[in-house]
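Residue numbers (full-length UniProt numbering), protein chains in the order written: chain A, 1 to 277; chain B, 1 to 277. As structure tokens, the structure follows; a few thoughts come after it.
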């Protein structure tokens, strides 16, 4: 578990770092970003996981997410992983929505993806051990959030592990990959054609199958180009209503799918998480 | 004065736009970014000019500057111009610190730069007319700020026009281009070898020669790689002391030259401007 520090830069009184390690899950070097807020020596801090969307690396939210002020005020560690394994020896696809940059937070079982595309186990198992070992993290207080494909990741990982992640939120998430073109392409490509195997990677199906969580927060822009065909928040509303899950879905008039939208509501989400951690 | 809207995106309740026009000064298409905060119909709002540093376009601060929340709260229009003319027909230099991306906010008089490199007149004369004509701007309430080369721009433009710019601030500015390698290269290249002609492009020389302003705010990181050789805030401290100008120079322990530094103190600067506009 050797961790290489690629950079650390002071911001908002804390440290914005980028780190790299050889992942046992993906068999590749993986980079991730961690912001550690100002804190007293010896204190352990709650952790927020931020899972990014299609085509992103750790860097998009690090540069454009505007999370550091709120994390510094609230005393939150903010972890931003990459969205897939990468490299010349890693399989890829011509589409922006499959292969490198599009890991969909699954453990692939189909060739040639299965060898490297293990983002589920990487986020759920491997990276938390590294965070616990190398940062002043209180792993009994973790929340998870994400955007778009990463919103899907946050919802599904959070719903599968309600004891680990005390709070789950998302910006413009893919709420049901089973029911949208992005998700169908990814799940058939990584997992295969058995629809039963898809259900653990679908927030709405997980809820229908019994997964529960205390509360969910979702923000969705009404001017988001992907709203009708890919994101379909109404499916999550229905699933939560049927299951009795307390979903707060904020439809944000005029906002799109970009980091201009995310940054606008980032501090609200972080305060919501902090109140639950 | 035709203005082409390249994009507008909602953020923090306002509109982040990118615009393009054919500049009479530079003889090129020029792009710039404007954030208009939420406001009541018919209200005119104060304007903050943000001048960027070497290699930057309007996009760097737009993506990484974290100014929108404070501008929305304070009711400030935020204008971010480009740092030079650009294009295949515009002269350039192999260095990152001269030519395209490095206009230094001067009106060049040397060949081949004089035809296009008129960033002083562009910022002082042409672009304000466009802002006044196309945005809900109260041009009697303008402040100016900038970073590094743009800090030099903000200081010199502000000092030459104290009636226009009621407030001047800078992040890690080049306070005296006469006395640093970046400035000497730029001024000799754009203006020539007559040191008298350099003085109107040097904040410390302008102050020595009689320029005055109400108050100056400067933030400077102590871990900035360019501090000792290029930025030299001690020269500004001495010039302001001799002239009786009220300079607040915040030396920020451990901060570097990046947007992680700028974004940390952006809201403080904007509040400082708003209190004076």
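The C-beta atom is built at its ideal place from N, Cα and C for all residues, glycine as well. Note that the structure is a prediction, hence the values are computed from the model and not measured.
The beta carbon of residue 220 of chain A lies closer than 6 angstroms to those of 172, 233 and 251 in the same chain, with the five residues before and after it left out. Chain order gives the chain A residues near residue 264 of chain B as 11 and 12, where near means a beta carbon separation below 7 angstroms. In the structure shown, residue 98 of chain B falls within a coil segment according to DSSP collapsed to helix, strand and coil. In summary, residue 81 of chain B is buried, with 16 or more beta-carbon neighbours lying within 10 Å of its beta-carbon over all protein chains present.
In this structure, residue 83 of chain A sits away from residue 65 of chain A, with a CB-CB distance that is not shorter than 9 angstroms. Fully contained in the segment 46-71 of chain B are the following alpha helix (DSSP H) runs of length 4 or more, in chain order: 58-64.
Sequence-distant partners of residue 55 of chain B (beyond 5 residues in either direction) whose C-beta falls short of 6 angstroms from its own C-beta, in its chain, are 96 and 101. Within the DSSP bridge table, the entry for residue 4 of chain A names A/20 as partners.
When B/269, B/254 and B/114 are compared, the shortest CA-CA separation from residue 14 of chain A is found for B/254. One alpha carbon belongs to residue 25 of chain A, the other to residue 144 of chain B, and they sit about 51 angstroms apart.
Between residue 190 of chain A and the set A/226, A/235, A/110 and A/6, the nearest pair of CA atoms involves A/110.
In the three-state reduction of the DSSP assignment, residue 218 of chain A falls in the strand class, which pools E and B.
In chain order, 105, 200, 201, 202, 203 and 206 place their CB closer than 8 angstroms to the CB of residue 156 of chain A, counting only its own chain and leaving out the 5 sequence neighbours on each side. Within the segment 238-264 of chain B, those residues whose Cβ lies closer than 9 angstroms to any Cβ of chain A are, in chain order, 252, 253, 254, 255, 256, 258, 259, 260, 261, 263 and 264. By the beta-carbon neighbour count (other beta carbons within 10 angstroms, threshold 16), residue 69 of chain A is buried.
Residue 4 of chain B and residue 33 of chain B have their alpha carbons spaced roughly 12 angstroms apart.
Check the Cα spacing between residue 50 of chain A and each of A/238, A/177 and A/124: the tightest is with A/124. Around residue 16 of chain B, the beta-carbon contacts reaching into chain A at under 8 angstroms are 260.
The C-beta distance from residue 46 of chain B to residue 277 of chain B rounds to 4 angstroms, short enough to meet the 8 angstroms contact threshold.
If you draw a straight line from the Cα of residue 89 of chain B to the Cα of residue 115 of chain B, it is about 11 angstroms long. Annotation: the continuous beta strand (DSSP E) that includes residue 141 of chain A extends over 137-147.
Restricting attention to A/217, A/192, A/176 and A/85, the CA atom closest to the CA of residue 228 of chain A is found in A/176. With the criterion set as a beta carbon lying under 8 angstroms from some beta carbon of chain A, the members of the segment 65-78 of chain B are 66, 68 and 69, in sequence order. Partner residues in the beta bridge of residue 9 of chain B, as assigned by DSSP, are B/16.
In the structure shown, residue 81 of chain A falls within a strand segment according to DSSP collapsed to helix, strand and coil. Across the structure, residue 147 of chain B and residue 127 of chain B are spaced so that their CA atoms are roughly 19 angstroms apart. By the 16-neighbour rule on beta-carbons within 10 angstroms, residue 230 of chain B is buried.
Interface criterion not met: the Cβ of residue 80 of chain B is under 9 angstroms from no Cβ in chain A. Residue 117 of chain A is a Cβ neighbour of residue 91 of chain A, given a cutoff of 9 angstroms. CA-CA distance, residue 42 of chain A to residue 79 of chain A, rounds to 19 angstroms.
Judged by DSSP in its simplified three-state form, residue 29 of chain A adopts strand.
Close to residue 63 of chain B, with beta-carbon spacing below 7 angstroms, are these residues of chain A in chain order: 63 and 64. The criterion of a C-beta distance shorter than 9 angstroms is not satisfied by residue 274 of chain B and residue 218 of chain B. The DSSP-derived three-state label of residue 120 of chain A is helix. Across the structure, residue 119 of chain A and residue 196 of chain A are spaced so that their CA atoms are roughly 20 angstroms apart.
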